[in-house]
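Accompanying notes for the structure given below.
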Amino acid sequence: MHIQVMTATGPNGLITHANHVTGLQNWMSETVGKHSTVHADAYGAAGLIEILEVCAAKGDYEILVLECSKEQIQAVLEWQSATDEVAELESLILHLVRKVATEQKIG
Numbered sequence: 001m002h003i004q005v006m007t008a009t010g011p012n013g014l015i016t017h018a019n020h021v022t023g024l025q026n027w028m029s030e031t032v033g034k035h036s037t038v039h040a041d042a043y044g045a046a047g048l049i050e051i052l053e054v055c056a057a058k059g060d061y062e063i064l065v066l067e068c069s070k071e072q073i074q075a076v077l078e079w080q081s082a083t084d085e086v087a088e089l090e091s092l093i094l095h096l097v098r099k100v101a102t103e104q105k106i107g
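Positions 1 to 107 (the UniProt record's numbering) are the ones given, in order, by the sequence shown.
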């Protein structure tokens, strides 16, 4: 399993973050075969792991996860460690997009 975590940091963080996510969504739609987009804010940490397991079981090999909290990212990293030896998950690619803090949106 491969995990990429994206955050919005720096003076142009929000713009760069938004452009990167949009580009990734477009690229996945055009080039990646079986993929899913999951809105993490609809789930708790355990629920997110369950939906990722469902996506992987149905054959999605690349998953974009939007609006992840710190706790959800930590849960996914722990899931990765716990399933390190599971052959079916070796080629799974997860793009975790960190939820932008409210103060970053305003300021």
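Built from N, CA and C at the ideal position, the CB exists for glycine as well.
Annotated three-state conformation of T22 is helix, per DSSP. Under the DSSP assignment, V76 falls in the alpha helix (DSSP H) whose first and last residues are K70 to A82. According to DSSP, I63 shares a beta bridge with S36 and L94. The beta carbon of I63 is closer than 8 Å to those of H35, S36, T37, V38, L52, C55, A56, L92, I93, L94 and H95 in its chain, skipping five residues each way along the sequence.
Listed in chain order, the non-local C-beta contacts of E67 below 7 Å within the same chain comprise H39, A40, D41, V97 and K99, local neighbours out to five positions each way being set aside. In the three-state reduction of the DSSP assignment, V5 falls in the strand class. Excluding five sequence positions before and after M1, the CB atoms of its chain that fall closer than 6 Å to its own CB belong to Q80, L89 and L92, given in chain order. Counting C-beta atoms within 10 angstroms of its own C-beta, Q72 has 16 or more neighbours from the protein chains shown and is therefore classed as buried.
A101 has its alpha-carbon roughly 33 Å from the corresponding atom of G59.
S69 is the residue among I49, G23, S69 and E50 whose C-alpha sits nearest the C-alpha of V5.
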